[in-house]
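In this note's numbering, the protein residues as written are 9 to 247. The beta carbon of each residue, even a glycine, is placed where N, CA and C say it ideally should be. One structure below.
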């Protein structure tokens with residue numbers, strides 16, 4: 009993670025406290041899981057809204073992220089919620105790993121993760137989830153769709169996002185012979201006024217020692233032109 013993004017996520021944790029990110033959050037695990045207990049894992053979790061929402065549940069919670077900073081920010085959020093940090097089990101190792109061998113999960117969350125993989129690697133990653141799932145396991149997927157602005161550029165090894173997805177991609181990745189399709193939603197999202205203020209503040213903090221205010225305003229304006237996010241939410245249940 010670059011220094012700019014480290015600052016982004018640090019500021020994000022300050023500008024977007026638990027109350028704000030959870031106020032309108034709808035967690036499909038609560039609605040569609042056939043169990044009220046068991047294990048829930050968020051892979052590439054960041055500051056996982058999903059797990060924060062489940063702190064008051066009976067689920068055993070697992071957070072996986074190779075970025076130690078994100079795990080620490082998540083721990084801070086857990087403590088601020090009135091829970092002990094140990095309410096969640098944290099791991100910074102690559103998934104899958106022997107750390108989770110023999111574990112079967114009620115729900116597996118892979119939100120905003122697969123588009124950082126080359127598509128072949130993403131397919132391989134998903135195929136390995138079988139060893140951690142059983143009949144009734146929910147898998148929640150959020151990915152950048154083919155309509156995403158970044159998909160208009162040539163994708164190389166240096167690209168930040170390395171793959172984009174269509175409905176047919178996800179149906180191939182999760183075949184109907186193995187999974188029940190519960191929900192599929194394509195979304196286009198622009199930042200609201202509060203998020204725009206946050207982005208401008210972050211950019212100002214990054215560049216305030218390097219550029220003039222007018223130069224920073226131009227950087228802010230150009231960056232905001234790239235902030236449209238096209239994504240897919242896909243929810244499946246293993247047969």
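Assign residue 189 to one of two classes, buried (16 or more other C-beta atoms within 10 Å of its C-beta) or exposed (fewer than that).
exposed
Which two residues bound the contiguous beta strand (DSSP E) that contains residue 241?
Note, residue 241: beta strand (DSSP E), 237–246.
Give the single residue among 218, 220, 191 and 228 whose Cα lies nearest to the Cα of residue 206.
228
Please list the terminal residues of the continuous alpha helix (DSSP H) segment that includes residue 66.
First-last for residue 66: 66–72, but that is the beta strand (DSSP E), not the alpha helix (DSSP H).
Establish whether the CB of residue 216 and some CB of chain B are separated by less than 8 Å.
Given the protein chain composition of this structure (a single chain), no chain B is represented.
Between 48, 19, 246 and 10, which lies nearest to residue 184 when the distance is taken from Cα to Cα?
The residue from 48, 19, 246 and 10 with its alpha-carbon nearest to that of residue 184 is 246.
Rounded to whole angstroms, what is the Cα-Cα separation between residue 128 and residue 162?
17 Å
Closest by CA to residue 244, which one among 203, 157 and 191?
Checked all of 203, 157 and 191; the closest Cα to residue 244 is 191.
Tell whether a beta-carbon distance below 8 Å holds between residue 116 and residue 145.
yes
So, using beta-carbon positions, are residue 41 and residue 63 closer together than 8 Å?
No, the Cβ-Cβ distance between residue 41 and residue 63 is not below 8 Å.
Counting Cβ pairs, one atom from each stretch, are 3 or more of them under 8 Å apart for the segment 131–145 and the segment 108–115?
yes
DSSP on residue 197, reduced to helix/strand/coil?
Correct three-state label for residue 197: strand.
Comparing C-alpha positions only, which one of 242, 78 and 110 sits nearest to residue 99?
78
Express the C-alpha separation of residue 134 and residue 49 in angstroms, rounding to a whole number.
14 Å
Nearest to residue 51 by alpha carbon, out of 45, 30 and 69?
69
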